[in-house]
Amino acid sequence: RFNIRKFKTLQREEVIISNFLNAVTEESAILYEDRLRQHQHKNAMERSLYIVENEPEYLRRIPLTYLASYLGISRETLSRLRRRVVL
Numbered sequence: 012r013f014n015i016r017k018f019k020t021l022q023r024e025e026v027i028i029s030n031f032l033n034a035v036t037e038e039s040a041i042l043y044e045d046r047l048r049q050h051q052h053k054n055a056m057e058r059s060l061y062i063v064e065n066e067p068e069y070l071r072r073i074p075l076t077y078l079a080s081y082l083g084i085s086r087e088t089l090s091r092l093r094r095r096v097v098l
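Going by the numbering used here, the final residue of the sequence shown carries number 98, and the count climbs one at a time with no gaps.
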């Protein structure tokens, strides 16, 4: 179990824990911003190529339905793209 009250108290008292949480929060925000940028400024093919080049383990671990959802495209569209580019 995780006691949030004790954790918050510890966070206020321990600078190391506070710094760690700040670093985790900052990294999460950066990753979220990158994902938003990918979806806003790139088409489905470009997003798919990004996955192939930068996150190849996703292709092995994530079912096509979920991967298509992540990319913001239908499963059928992902299948067509896979025929063009070997994912």
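C-beta atoms are modelled at their ideal positions from N, C-alpha and C, and glycine is treated no differently.
None of the values given here were measured: they were computed from a predicted structure.
task = Please classify residue 58: is it buried, with 16 or more other beta-carbons within 10 angstroms of its beta-carbon, or exposed?
result = buried
key: First and last residue of the uninterrupted alpha helix (DSSP H) at residue 57   = 55-65
request  = Specify the secondary structure class of residue 31 as computed by DSSP and reduced to three states.
outcome  = helix
request  = Identify the continuous alpha helix (DSSP H) that holds residue 24 and give its terminal residues.
outcome  = 15-24
query = How should residue 34 be labelled, buried or exposed, when 16 other C-beta atoms within 10 angstroms of its C-beta is the threshold for buried?
reply = exposed
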